[in-house]
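Numbering (our numbering), first residue to last: 484 to 1280.
Okay, structure first, notes after.
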Amino acid sequence: MTVLTRGVAMLAALLALGCLLIGVPTAAAVPHAATSLDPSLAITAVTPTVAAPKKPVTITGSLTAGSSALTAPVLTASLGTSDLDTVSAVRSWNAGTLPASTRNRATARPGSLNPGGFEQFTITIPAAALALSYSNANLPLSISLSNGAGSAPLRVWHTTLSFVRSAPAVPLRVTWLVPLMLPADSALFGPTGADRTAAWQNAIGPGSRIDTLLRSLAGQPVTWVIDPAVIAPTAPADRNVPAASSTTGSSGPSSSTTGTGGASSTPSTSSSGDPTSPGGTSQTPSSGTSSSSSPNGRASTDPADTLAAQLRTRLSNLPAGQSVLWTPFDDPDLSALATSGARGQQLIREDVGRSLPTDMAAVSSTSIAWPAAGVDAGVVGTITDAWTKARRPAPVVLLPKEATTDAGDATGTAERSATGTGGLLLYDQQLSALAGAADGDIGLRTQQFLAQSLAVYGERPATARSLAIVVPRSAGASAAQLATIIAAARTAPWLADRTGNQAVRVARSGVPDTVRSERTAVTFPEPRTTAVNPASLNGIGVQRRQLSGLNSLLVSSGDVISDRLRLIDNLGSARWRGYTLGATHSAQYSAGALTSLLSLVSVSTSPVNFFTDRGALAINVVNKLNRPVRGVRVVLQPRAIQLKVRQQAPPISLGAGGLGIVRPEVAAAGSGSVPVDALIETANGVPLGAPRGTTANLQVNVRPTATWIYWVLGGVAGLILIGGVIRSIRRGPRTEQDVTPQPGSPPPRDATPGDAIVASTPSPSATSTRTGEGTASTASTATTATTDERAAEDPDE
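Put into structure tokens, the structure is as follows:
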């Protein structure tokens, strides 16, 4: 038994030694069962990026200890010689589900590590390991970690090493699509203030993701997929409108302000007054900008406009080899809106109909439709129909290659032609996931990207084909990671550059294809929950109705309406997928601002007196807006029968910050205090005034003439009578005056020139019986004058 036991032990030792020498199939990166280690490994560089025959390959990177220390870490690189010649084989190997024979080729000892500590390492695979006869191959590569020489592996990382003997004659053409979008930050669409300024600074200013992408990828042939909102910010959701200036559009709802896009700046509305109604023929205003800092062409001190102007300058001077494709304004959630009925489809047309700024249209005029979720042929047809109805050139449609009927053709090209479109650009979801994912080590992902793309090339190496790689709209790889993976891909001899402009030209005349009739789910990026739903679309409709009222109300409204319309329509953007709370906040900003604007034209609720049978009632109307208004109607609705409205007042106009009076014709039918509802509205019937949802209530004090005039006259007469009586009592009884000459008195003298001559005939006032000092005084003087005359005529008497 002893001899047998020793033999078994010796055999086990020989097997273990053989495993170390020739290698064994390794499992995925699974830690040792008896440990709780969580170390991580990062690959900094592989030199050369693509292995060549009989040349060594150096791998540099870093090892980070997890929650436990590593006293004597050893990294071992094992390389296999079997070819992972399909995409599924590459993915399975990297996932640890495909066994492959590998041989230990090199080791590195980074040194002891405390918990959380890290150390750089370098491993060089010798040239002898690469004496292979393949034209090209994906070689399985693993790096294992053990804590001490000869100990069992604690963790294993799987990757690949791409090998090419000579450059292919017909490489794959690759178009890199990188979006420049606004983040899902509701403060971007809030009122003027520090929060909005900071949000725009974070979105497009120095240090923002957009700024970092433009700087990091300046030397790469990327195609920028840009939402025009990044270079034409919406107006802030302020509670008043900017004061009119000489450059503001002409007055009137039907007037046009000429933006650089050349489209009308004011939307025409349907008969219902709702620009979002299905029957409407609204032509959305241009949001184009001129060379000024404001998106509507007027001088602006808005920090967002300043930042946007700087970004436009950068986009006007892109490096050679870079292209631009434009989404519609605010990057609408096309797949959700197209399946949301008439309101959703109308919103797509509104976004599509907005014109680019002229300086940006000079950079590129190509529009792209990029659904954020799975679509079918019917949905794509609805989407592209929006471009037709908006009288815009058909868009290039960006879809995953699985969405077309040719999805089973693994060797198909990315560019296809399709009826009703400006071409199809089909992206590879798996390669896009590797390039644009936010998690995982970029070095390991780069090696996986190279291996998968080489496997795609190997499917038909002699055929001219192409790939499209799309970075997700948000939460994607950092600018530095993208720069790393694109730079590595450009060194691969089986890949070659194709710009967006080149891809569009090929797609327009490319191989015909059609979108599948059944909906295919998009696996990358995985669709998030859309913020577009019946409630949000209804809210957009309500706000657009209010905006149509403001449009008919304001004099010189063009610039205000175009900006506010975009503020509303951004609620249908794809940026809000997965951020429904942000969409809700943005809707609240917009709704609150509109409510405030409409409430600034209101009826004064001061009490009103009406003291006649019929006539005009004077009602004060106040305009607190910074611009003149017109067509303001006030409709009175008495709540009691004592007052009846014979004719409502005609509409009036008011100056900026002005006061006006409406004069409806009314009639009194009784006395009393009558409550009257005063409805104030625009020419097209949109309610004004505050608070919203209620009507102004006036108190009218009604006293018709038939009642109060007699009381007034009687009161006056009574006061006169009382005053006379009081004066009589104070004077005492009236005494007769004796006008007969007394003895000894001088005789009456003759009148001399200059003396007043008094008429002998008594005046009517002298004979009246009125009471009062004035009357009484006049009667006495007349009597005296008559006696003197008689004495002069008959001296004896």
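Beta carbons: idealized from backbone N, C-alpha and C, even for Gly.
Per DSSP, cross-strand counterpart(s) of residue i
i	result
SER565	Paired residues: none, contrary to the question.
LEU1126	ALA1151
ASN1092	ASN1184
VAL953	LEU660
TRP640	ILE626
GLY1143	VAL1104
GLU1164	ARG1116, PRO1170
LEU546	LEU524, GLU602
LEU558	ALA591, LEU628
VAL998	THR887
Continuous beta strand (DSSP E) stretch holding residue i: start and end
i	result
TRP707	705-709
TRP659	655-663
TYR910	907-910
SER1136	1135-1137
ARG1049	First-last for ARG1049: 1041-1052, but that is the alpha helix (DSSP H), not the beta strand (DSSP E).
VAL1117	1112-1121
VAL879	879-883
GLN603	601-608
SER523	523-530
SER900	898-900
ALA979	978-980
GLY1098	1097-1099
Residue environment, residue i, which counts as buried when at least 16 other CB atoms sit within 10 Å
i	result
ASN621	buried
VAL540	buried
PRO1174	exposed
PRO666	buried
ASN1021	exposed
ASP922	exposed
ALA963	exposed
ILE1209	exposed
ASP1096	exposed
LYS538	exposed
GLU898	buried
VAL1157	buried
GLU1164	buried
SER442	An answer regarding residue 442 cannot be provided, because it is not within the stretch 484 to 1280 covered by the chain.
ILE1203	exposed
GLY673	buried
ALA1066	buried
Alpha-carbon spacing of residue i relative to residue j, whole angstroms
i	j	result
PRO536	ALA555	34 Å
ALA591	GLN684	46 Å
ALA682	PRO878	31 Å
ALA787	THR974	39 Å
ASN597	ALA548	7 Å
LYS872	THR543	56 Å
SER1069	ASP924	36 Å
VAL994	SER616	36 Å
SER734	ALA986	Only weak support exists for where SER734 lies, its pLDDT of 35 falling under 50; the coordinates are left without a value.
LEU663	THR982	17 Å
ALA720	ILE1102	31 Å
ILE709	ALA1057	13 Å
ALA1018	ALA845	39 Å
GLY1206	ARG1186	28 Å
ALA951	LEU613	31 Å
THR658	LEU1171	53 Å
ALA701	GLN805	8 Å
LEU671	PRO522	41 Å
Terminal residues of the alpha helix (DSSP H) in which residue i lies
i	result
ALA962	962-974
PHE932	925-942
GLN1071	1063-1082
ARG991	983-991
SER1035	1017-1036
GLY895	Per DSSP, GLY895 belongs to no alpha helix (DSSP H) and is neither H nor E.
TRP870	860-872
PRO1059	The identity of residue 1059 in the sequence shown is Trp, whereas the question assumes Pro. TRP1059 -> no alpha helix (DSSP H), and no H or E assigned at all.
SER571	570-578
The ligand GTP heavy atom lying under 7 Å from the CB of residue i
i	result
VAL573	This structure does not include the ligand GTP; it has no bound ligands of any sort.
So within the stretch 775-846, which uninterrupted beta strand (DSSP E) runs reach at least 3 residues, ignoring any that extend past its ends?
The beta strand (DSSP E) runs lying completely inside the stretch 775-846 and spanning 3 residues or more are 806-809, given in chain order.
Which ranges would you report for the alpha helix (DSSP H) in the stretch 674-722 if only whole runs of at least 4 residues count?
Within the stretch 674-722, the complete alpha helix (DSSP H) runs of at least 4 residues are 677-687, 692-699.
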